[in-house]
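First comes the structure, then the notes that go with it.
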Amino acid sequence: MTCLHLNSLLDPAYAEIGPQSCVGSTGGWNSYSWVAALVLASVMLIFLLDFGAERYVKNKYGLTPCHATLSGIITGKDLSRQRSIESSPYIPPDNSQGVQGTYQQASDLEEGANAIEKSQAVAFRQQIAAFLVLEFGIIFHSIIIGMNLGTAGDEFSTLFPVLVFHQSFEGLGIGARLSAIPIPQRLGWLPWLLCAMYGLTTPVAIAIGLCLKTTYNSGSFTANVVSGVFDAISAGILIYTGLVELLARDFIFNPEQIDSNKRLAFMVCCVFLGAGIMALLGKWA
Numbered sequence: 081m082t083c084l085h086l087n088s089l090l091d092p093a094y095a096e097i098g099p100q101s102c103v104g105s106t107g108g109w110n111s112y113s114w115v116a117a118l119v120l121a122s123v124m125l126i127f128l129l130d131f132g133a134e135r136y137v138k139n140k141y142g143l144t145p146c147h148a149t150l151s152g153i154i155t156g157k158d159l160s161r162q163r164s165i166e167s168s169p170y171i172p173p174d175n176s177q178g179v180q181g182t183y184q185q186a187s188d189l190e191e192g193a194n195a196i197e198k199s200q201a202v203a204f205r206q207q208i209a210a211f212l213v214l215e216f217g218i219i220f221h222s223i224i225i226g227m228n229l230g231t232a233g234d235e236f237s238t239l240f241p242v243l244v245f246h247q248s249f250e251g252l253g254i255g256a257r258l259s260a261i262p263i264p265q266r267l268g269w270l271p272w273l274l275c276a277m278y279g280l281t282t283p284v285a286i287a288i289g290l291c292l293k294t295t296y297n298s299g300s301f302t303a304n305v306v307s308g309v310f311d312a313i314s315a316g317i318l319i320y321t322g323l324v325e326l327l328a329r330d331f332i333f334n335p336e337q338i339d340s341n342k343r344l345a346f347m348v349c350c351v352f353l354g355a356g357i358m359a360l361l362g363k364w365a
């Protein structure tokens, strides 16, 4: 996704409000490289939101000194450990321990189950906050490309199949990320809502573009400013989420995947293959 957004967002943003554009040569637009400034501002803003959300979760729920880890929760190892704790038969203590030993064993089992449950809650809040940044960044971008497709003329036959592949690959990406989040049963409706939001955003934006096709002038000064600013902001959001939330967390900060050489090699090949395909689609998107 990052490779495609470097082509399909930054390049149009420079063409619309860059120094060589009509907008960039008028007024205050020619005094600074506003595309780079908007990208940097959006990257830092998303960093603050991501960092603030993680700190909020840690300060509110705390980090328990238990054996449950984030990677264990994602891979299901701590879930299996919790099930083993819950299903383990009660072993009565010997007579030397007495009643105190019985209470201690029950207390240890309860403490372990509570610690794992609390770790799962912390992991969910941290991961869902990072996912929402990615989701809304993609939705924000999908609105722009949907309206552009709805107002397209002769280039519609070229843009349509490209955007179908573009949206499909992005959907697979965020769907895989969503499936790895340990969502509680009480929030079972949340994945359906997030999937519906992504699936309906582009068609609704296309419908809006079709309604505005007769009055919307994509070459006007205002249209170039709005589209260029949105493209630059979306590029910053999605570059941050692609590099930090996806690549860094999956490869650098996930020892479960790095320890397996075969799995790591497969993941790297998939990343480079996806980067090449998305960069190729950026030629027409």
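Everything in the sequence shown is counted per the working numbering, starting at 81 for the first residue and increasing by one. Quick reminder that beta carbons are idealized off the backbone N, C-alpha and C, glycines included.
Practice problem: Apply the 10 Å Cβ neighbour rule to Asn-228 and answer buried if 16 or more other Cβ atoms are within range, or exposed otherwise. | Solution: Looking at its Cβ environment, which holds 16 or more other Cβ atoms inside 10 Å, Asn-228 is buried.
Exercise. Would you please state the rounded distance, in angstroms, between the beta carbons of Glu-325 and Val-213? I believe it to be under 8 Å.
Key: With 8 Å as the limit, Glu-325 and Val-213 qualify as a contact, their Cβ atoms being about 7 Å apart.
Quiz item: Looking at C-beta atoms only, is the number of pairs between the region 92 to 101 and the region 280 to 297 that lie closer than 8 Å three or more?
Solution: A contact between stretches requires three or more CB pairs, one per stretch, nearer than 8 Å, and the region 92 to 101 fails this requirement with the region 280 to 297.
Quiz item: Just checking my contact of Lys-293 with Gly-230 at CB under 8 Å: how many whole Å lie between their CB atoms?
Solution: Contact between Lys-293 and Gly-230 holds, with the beta-carbon distance rounding to 7 Å and staying under 8 Å.
Self-check item: Candidates Ile-223, Val-242, Asn-297 and Gln-207: closest to Met-358 by CA position
Solution: The residue with the shortest Cα to Cα distance from Met-358 is Val-242.
Exercise. Measuring alpha carbon to alpha carbon, tell me which of Ser-111, Ile-224 and Ala-260 ends up nearest Gln-247.
Key: Residue Ile-224 is the option with its Cα nearest to Gln-247.
Quiz prompt | Pair within 8 Å by beta-carbon distance, Thr-321 and Gly-217 | solution = In terms of Cβ geometry, Thr-321 and Gly-217 form a close pair [threshold 8 Å].
Practice problem: Determine the direct distance from the alpha carbon of Arg-205 to that of Leu-327, and round the result to whole angstroms. | Solution: Going by the C-alpha atoms only, they are around 20 Å apart.
Quiz item: When the Cα atoms are used, what is the spatial distance from Glu-235 to Ser-222?
Solution: The straight-line gap from Cα to Cα measures roughly 18 Å.
Self-check item: DSSP three-state assignment for Pro-145, whether helix, strand or coil
Solution: Residue placement at Pro-145 is poorly supported in this model, since its pLDDT is 39, which falls under 50; the coordinates are not used for a value here.
Quiz item: Which class does Val-351 belong to by DSSP, given the choice of helix, strand or coil?
Solution: Helix at Val-351.
Quiz item: Is Ile-126 close to chain D, meaning its C-beta is less than 8 Å from at least one C-beta of that chain?
Solution: This model lacks chain D altogether; it includes just one protein chain.
Quiz item: Can you find at least 3 beta carbon pairs, one from the region 269 to 279 and one from the region 252 to 260, that sit closer than 8 Å?
Solution: Output reads yes: the region 252 to 260 touches the region 269 to 279.
Exercise. With a threshold of 16 other CB atoms inside 10 Å of the CB of Val-244, please say whether the residue is buried or exposed.
Key: Taking all protein chains in view, the Cβ of Val-244 is surrounded by fewer than 16 other Cβ atoms within 10 Å, so the residue is classified as exposed.
Quiz item: How many Å lie between Asp-130 and Leu-360 at the Cα?
Solution: Leu-360 has its alpha-carbon roughly 30 Å from the corresponding atom of Asp-130.
Practice problem: Sort Gly-354, Phe-331 and Leu-353 by Cα distance to Arg-343 and report the nearest one. | Solution: Phe-331 is the residue among Gly-354, Phe-331 and Leu-353 whose C-alpha sits nearest the C-alpha of Arg-343.
Self-check item: Integer-rounded CB distance, given that Asn-304 should sit under 8 Å from Ser-101
Solution: The C-beta distance from Ser-101 to Asn-304 rounds to 7 Å, short enough to meet the 8 Å contact threshold.
Quiz item: If you draw a straight line from the C-alpha of Met-124 to the C-alpha of Gly-98, how long is it?
Solution: Distance between the alpha carbons of Met-124 and Gly-98: 21 Å.
Quiz item: So is Leu-318 buried or exposed if we call it buried at 16+ other beta carbons inside 10 Å?
Solution: Buried is the label assigned to Leu-318, since at least 16 other Cβ atoms lie within 10 Å of its Cβ.
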